Each structure stands twice: as C-alpha cells, then as structure tokens.
Amino acid sequence: MEEDHLIAKINRNSPSREDAFNKLMDMYGEEIKRLIFSFVKNWPQAEDLTQDVFVTLYTKLETFRGESNIRSWIYSIAINKTKDYLKSWHFRKMQVTDKLKGEPKTGKNAVELHVISNTEDRILYESVLQLPLKYREVILIHYYKEFSIRETSEFLSIKEATVKTRLSRARKLLQEQYTKLGGER
Amino acid sequence: MMEEQLKKLSTTMDQGISKGKVFTDKDKQQILTRIRKLSVPEVRSKKSHALLPKFLTAALFTGIIFSTYIYFDKEPVQHTQPNVVKKPEEPPVSIPNVSGEGSSAVYTSNVDENKLTISLRITNNSDSTITNRLKYRITFLNSDLVKATGTESFMIEPPNDSSFESGGTKSISKEFNLTKRVARDSLENAIKVEAISDNKTHHSFVIDTVKYEAYEDIGIVPHQEEVEKEEEKKEEPVPIAISEGEAKQILNRNLADIKQTLLESQKKNNWHSDNPATYEVAGPDFEPFVTDNFSNNVLKTFLPEYFCECDSGMLPRIHQEVRFNVNAITEDMIEISGIEPASDMSNIGSQWRFKLAKEDDVWKLDHWEESILQGANLRLTKEEAGKLLSTQTNTVTFQKEIQVSGAKVYVFQVKDADHEFMAAINSSDTSFVYNYE
Chain Z
6 MEEDHLIAKI NRNSPSREDA FNKLMDMYGE EIKRLIFSFV KNWPQAEDLT QDVFVTLYTK
66 LETFRGESNI RSWIYSIAIN KTKDYLKSWH FRKMQVTDKL KGEPKTGKNA VELHVISNTE
126 DRILYESVLQ LPLKYREVIL IHYYKEFSIR ETSEFLSIKE ATVKTRLSRA RKLLQEQYTK
186 LGGER
Chain G
3 MMEEQLKKLS TTMDQGISKG KVFTDKDKQQ ILTRIRKLSV PEVRSKKSHA LLPKFLTAAL
63 FTGIIFSTYI YFDKEPVQHT QPNVVKKPEE PPVSIPNVSG EGSSAVYTSN VDENKLTISL
123 RITNNSDSTI TNRLKYRITF LNSDLVKATG TESFMIEPPN DSSFESGGTK SISKEFNLTK
183 RVARDSLENA IKVEAISDNK THHSFVIDTV KYEAYEDIGI VPHQEEVEKE EEKKEEPVPI
243 AISEGEAKQI LNRNLADIKQ TLLESQKKNN WHSDNPATYE VAGPDFEPFV TDNFSNNVLK
303 TFLPEYFCEC DSGMLPRIHQ EVRFNVNAIT EDMIEISGIE PASDMSNIGS QWRFKLAKED
363 DVWKLDHWEE SILQGANLRL TKEEAGKLLS TQTNTVTFQK EIQVSGAKVY VFQVKDADHE
423 FMAAINSSDT SFVYNYE
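For the protein sequence lines, the chains are Z and G, in the order given.
Going letter by letter, the first sequence gives residues 6 to 190 in this note's numbering.
Going letter by letter, the second sequence gives residues 3 to 439 in this note's numbering.
Printed below as a string of structure tokens:
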C-alpha cells in the first residue's frame, strides 16, 4: 500500500517526488545491491549496476502497470541488467584480464568471508558463489531471495520445469562443492 | 542436509556478503545526480521561459517595442531556443489506487442450471475522488472454467457516476450461466480481476473466496425424475476399446521405451553435458514411440537438454497409486494425468498431463506437460500421503496431523530394516516439511 502511494507521488511529478524515490531506494537499495554482488562478485560493478537499476526504475516508473508488485518489478530490472552485463564484452574482457594478472579468484570475498563466524556457513557461502551462473542464479533467486519457482521462471524467462531441473542439478553440484571445501556430508 | 541449509541461505548469504550496510548514502547521491542530469533539458526550457518577459521589458524601456518584439518572438525562439514556446500544461496524472479486498464468488449448481456469480468489492484507497472511468476485466485461469463460461475473459463496464470518493467502496456483481458443471478445484485461484482505466491496469487480484454450492454438497437430493432427465441429457458414451488399467499400462510402457531409447542413444553417440544430443541425430530413434507433434514440440528442445547429468529431474516419474487418473479414452486417444511427488533430491513435486494418440494401430506419445505443484492445493488425504512415503521395504505409520504455515501436514513414522525416522508431508503439494514441532 505504501509503495502504491510512493509510485503515485513519483508519477504525479509532485514536489515530494524526490523524497518518494529516496524512500524506494531506502526500501530496496540494500537487498538489490547484495543480490547484484552475488551475481557479479565484484563491488565496483555491483555499485554501478545498482545505480543503473534505480536510474532505469526512475525513468520507467510511469510504465509500471501494477500487475506485479514493485519488489518483483525492481528484481526483474536488476536481474536483467546484471545478466546483460555478465554477457557483455566488458565483463568477458575483465575475466580474461583477471586471469592474466593471476589475481585470486575471490578477491574481496576473501576479506568478507571473515565476517561469517560459522565455518559451515562460510563453506556454503563460498560454494554458492563458485557455482556456474546457470545454477547459481536459480539458487540465489529461489533460496537466497525466496522467490517461488513460478517467479524464478518469470525472472529468468525459462520454463518452471527447467527451473526445477536446474535447482536439482544445482543442489547436487552445491553438495559436491561443499564437501570438497570441507563441509560435512 | 543441504535442503536444511538452503532454507537459511538468506542469512548465510547476507552474512557472507557483508555484516554492515552495503547500500550507502553515497550510492543514493550518485543515483540522484544521474537522475538530475537526465532532467537538465527540462530545467533549461524553464529558464528560457523566465528570460523572455525580461527581454520584453528591456525592449519597452528602449522604445523599440514593435520591431524588437518581432525579433524576439520569431528569430531567437525558432533558431536558438526551440523549447521556449510554451505548451499547454497537462493536467496532473491521477492514478486510481483501488483494492479488491472482500471480493468473492459463488458457484451454484443444480439439475437445471449452473451459475457463477462474481461479486466485486472495490475500495478507493486514493487520497481523492476517482474521476477516471474504471472497468473490470475478469479472466478465468482454469481451462474447465473457460469452457463452461465460453470465454477466457469478460469486461465489466459499470456506468460512470463519477462519485467514487476517497475511502468509498463500490459493489459490482456479474452472473455467468455455465454450460456445464465445474469441479470445486477448477474454481480455486481461477478468477483474476483487473481494475482498468485509460487502458492501464491499476490493480489486479485473484478471488480466493469461492463458495461452492453443488446440490450433492449442500444436501439437496434431486427427484428421481430429475436424475433421469439429467441422465438423458448426457452424451452417449463413446465405445471404449481399452480399460483404464490398460491405458495406464500403455503410458508406462511408452515412457519406459523412451527412457530405454535415451540410454541407447547416449551409448551410441556418447552424449554428455559437453556433447549435448542433437535432434537431427537422436530424433529418428524415437519415431516408433512418439508422434510428429511430440517430436516437433517436445523432443526438439528436450534432447539437447537431457544429457546434462541431471536426467533424474527430466523424465516423468509418475506415482502409480496416488492421483494417477485416466481423464479420457477414445478409440484413438488417451488423456492421463499423474503426480511426481517431491523427493529428497528435489523437494518440489510436479503434475504431469499426457496425451497418447493411436497411429497405424500403435499408441504413441503425442504430448506431455509438466507443471510445478508449488502453490497448488492437492488436498491429499493422510492415506494418500502415506502411500507416497511407502516403498516395498518400509512400514509407514500415521502419527498426527499438524498445521504449518497455514498448510495441513501429515506426520508419519517410517521404518525399514536399517532406519527409523519421522517424515512430514504437506497435503497441498507433497513437499517434505522439516521444521515442525
């Protein structure tokens, strides 16, 4: 309900438009930036992409038809932008450059990992980030962000049955990776 | 183990990513700066408006009113400041903010007629009176309901009395005469309503309160002659060439043949995740078991994905005792549905629908369709849930029925030669429930 009022305010071009948009950023900025990071595993890119998401949101708000809730809509923008980036020449070039430089795979993750005190959780976190994108994305959307199979299939534009199959395969891979990194069977 | 850990993945990931805030004021400022930059042309145009009267005033003082007026009115505006011409101001866009809480539907069925009455209760949650004319589109999301009403969607256009005040509620009702009876399940989450104005949907919801009043449900026993009348109305039964049991056997045999063909094709062509099957090479091997329709619409996409080392989730594994139903049989067509219950590997069940067609005296698979049970409500009985857990080597004993997150869950004790454990099954979608008292 509060969200509907905010969108109406932004669309009406009212003087409080910026305040309303600020509030939307307060509500979703944190979770969107975290999701994007879990896809791209790189903070500067996560920052840029989060900005892109909210700028797009601002420019497209007038087209929001209210058929889904605003959270799903923001997620859909974020996932599309992130996947476009991961498919882009810039990202592929960065990957190659990183490999040539011989930088550690995890980079900042290695530092961040210290914040997880529980070893099992730390291993699980690392295992998830190491999954191939095709499997990581379904795990992140369905388990991390707790969207249903149907919503996950809509975000990724794939069939529900495919989501289910990928989840099944992803869990298997995750279990293997988790055990390989020292997690309990 | 993994399923349990994945359930708290949200916490694990958030802690792993960062314990502190990652979206900061700096992020917000950068976003706002980018947005303000987007709006620059608009700001410039406003400044031009402000400058024009100043120039005109200056011209008045210098005594060259007429010629300068023309100069400023035409030349600068046309060549250097195209945005100076003031457009008529558009009225502010008012977006109707409505909700449909309290909307309901009633299904009534007796010997003579079947009716569906939809009662909408629309509330204006806007701060002001809604002046836009609101229309309501009803969409039926269930194929049986579509058949019975004869339409997929229907637009209700109430007269515009322009008095939908803030906080007010309007009641709108629409009755549909159905051409046939529909099952209770067909009405669940099957009526979608959209509030529309100016070709935009402003709010949509699905009616979840449906009252079902079929005569056998409400205790009205029809007179014998009415029953006979209804019997007469029924279509003549089509001669059935095979029994339901035989139909199920045909499907099972067909699925087994397809599985065997997949295994042989893999062996022959060394298909694996890095060498995915191609329809052109593998497809012809399936011709004895599937129709052209299945080949073109299913196999073409299925084959390249199948050998991904995740085959366990791709072929249907239909439970043979629970909800395995033959829906239609004719001499040359069989329609069957069944469920693939949730498992330890994939805690999400599926519903499958199959169509087999007879070609040159051979039954072939013509179509299959899988839909996820998440969000469904199968209303499994405890006997059915028990059957889902049973194997040839274990003993399943019902313990209790509990409610978890609004769903009915059956708890069983399962014993086999080596283990004894408790298992809980969600009656709505067959999923295993782990967190219960």
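Backbone N, C-alpha and C define an ideal beta-carbon position, used for all residues, glycine too.
It should be emphasised that the depicted structure is a prediction, and the values quoted were computed from it without experimental measurement.
Rounding to the nearest angstrom, what Cα-Cα distance links residue i and residue j in this structure?
i	j	result
residue 53/Z	residue 87/Z	10 Å
residue 316/G	residue 26/G	44 Å
residue 337/G	residue 252/G	11 Å
residue 151/G	residue 400/G	42 Å
residue 223/G	residue 110/G	In this predicted model, residue 223/G has a pLDDT of only 46, less than 50, meaning its place in the structure is not dependable; the value taken from the coordinates is given anyway. Roughly 14 Å between the two C-alpha positions.
residue 131/G	residue 380/G	43 Å
residue 300/G	residue 306/G	11 Å
residue 292/G	residue 330/G	19 Å
residue 190/G	residue 145/G	12 Å
residue 325/G	residue 129/G	50 Å
residue 75/Z	residue 6/G	30 Å
residue 11/Z	residue 38/Z	21 Å
residue 55/Z	residue 36/Z	10 Å
residue 160/Z	residue 112/G	44 Å
residue 91/Z	residue 370/G	34 Å
residue 360/G	residue 397/G	41 Å
residue 345/G	residue 388/G	14 Å
residue 49/Z	residue 320/G	48 Å
residue 104/G	residue 340/G	35 Å
residue 47/G	residue 39/G	Low per-residue confidence applies at residue 47/G: pLDDT is 39, beneath 50, and the placement is therefore not dependable, though the value from the model is reported in the following sentence. If you take the alpha carbons of residue 47/G and residue 39/G, they lie about 14 Å apart.
residue 349/G	residue 194/G	29 Å
residue 29/Z	residue 15/G	23 Å
residue 213/G	residue 107/G	6 Å
Which chain G residues sit within Cβ distance under 7 Å of residue i?
i	result
residue 180/Z	4
residue 90/Z	Near residue 90/Z there are no residues of chain G at all, since even the closest Cβ is about 17 Å away, more than 7 Å.
residue 74/Z	By Cβ distance, chain G contributes nothing, its closest Cβ being about 11 Å from residue 74/Z, past 7 Å.
residue 149/Z	11, 12 and 15
residue 22/Z	Within 7 Å Cβ-Cβ: nothing; residue 22/Z doesn't reach chain G, min ~10 Å.
Anything in chain Z within Cβ reach of residue i, meaning under 9 Å, just list it in chain order.
i	result
residue 374/G	153, 154, 155, 158, 165, 166, 168 and 169
residue 29/G	30, 34, 38, 52, 55, 56 and 59
residue 170/G	Simply none; closest approach about 17 Å.
residue 268/G	Those do not exist, as residue 268/G stays about 17 Å from chain Z at its closest Cβ, beyond 9 Å.
Have a look at the DSSP bridge pairing and note the partners of residue i.
i	result
residue 415/G	399/G and 424/G
residue 155/G	141/G
residue 353/G	341/G and 373/G
residue 147/Z	DSSP output for residue 147/Z lists no bridge partner at all.
residue 440/G	Outside the modelled stretch of chain G, which goes from 3 to 439, sits residue 440/G, for which no answer is possible.
residue 125/G	101/G and 171/G
residue 7/G	Its beta-bridge partners do not exist; DSSP assigns none.
residue 331/G	336/G
residue 78/Z	Bridge partners of residue 78/Z: none, in fact.
residue 119/G	108/G and 177/G
residue 405/G	410/G
residue 86/Z	Paired residues: none, contrary to the question.
residue 292/G	367/G
residue 274/G	277/G
residue 361/G	364/G
residue 132/G	166/G
residue 208/G	194/G
List the residues of chain Z that residue i touches, going by C-beta distances under 7 Å, in chain order.
i	result
residue 14/G	126, 129 and 130
residue 33/G	30, 56, 59 and 60
residue 377/G	153 and 155
residue 7/G	129
Any beta carbon of chain C sitting closer than 8 Å to that of residue i?
i	result
residue 25/G	The structure shown contains no chain C; the protein chains it does contain are Z and G.
Below 9 Å on C-beta distance, what does residue i contact in chain G?
i	result
residue 64/Z	37 and 40
residue 42/Z	19, 20 and 24
residue 27/Z	30 and 34
residue 45/Z	Result: empty, since nearest Cβ-Cβ is about 12 Å, beyond 9 Å.
Can you pull the chain G residues whose beta carbon is under 8 Å from the beta carbon of residue i, in chain order?
i	result
residue 143/Z	Going along chain G, no residue has its Cβ under 8 Å from residue 143/Z, so there is no contact; the nearest lies around 11 Å.
Determine the chain Z residues that contact residue i at a beta-carbon separation under 8 Å, and present them in chain order.
i	result
residue 441/G	This structure cannot settle anything about residue 441/G, because the visible part of chain G is limited to 3 through 439.
For the ligand ADP, any of its heavy atoms closer than 7 Å to the Cβ of residue i?
i	result
residue 364/G	The ligand content of the structure shown is nil, which means the ligand ADP is not present either.
Answer yes if the region 124-144 of chain Z comes into contact with the region 168-180 of chain Z, meaning at least three C-beta pairs across the two stretches below 8 Å, and no otherwise.
-> yes
With a cut-off of 8 Å, do at least 3 Cβ pairs link the region 170-182 of chain G to the region 104-121 of chain G?
-> yes
Stretch pair the region 375-386 of chain G + the region 345-356 of chain G: three plus CB contacts closer than 8 Å | yes
Given 8 Å as the limit, is there contact between the region 124-143 of chain G and the region 152-159 of chain G, that is, 3 or more CB pairs closer than that?
-> Result yes; three or more Cβ-Cβ pairs closer than 8 Å.
Which ranges does the beta strand (DSSP E) cover as unbroken runs of at least 3 residues, wholly within the region 160-205 of chain G, from first to last along the chain?
-> 171-180 and 193-199
Decide yes or no for the touch test of the region 147-154 of chain Z against the region 6-16 of chain G: beta carbon pairs closer than 8 Å, at least 3 of them.
-> yes
Should the region 20-30 of chain Z be regarded as contacting the region 41-48 of chain Z, the criterion being three or more beta carbon pairs within less than 8 Å?
-> no
Tell me, please, whether the region 425-438 of chain G touches the region 388-407 of chain G by the rule of three or more beta-carbon pairs shorter than 8 Å.
-> Enough Cβ pairs lie closer than 8 Å, so yes.
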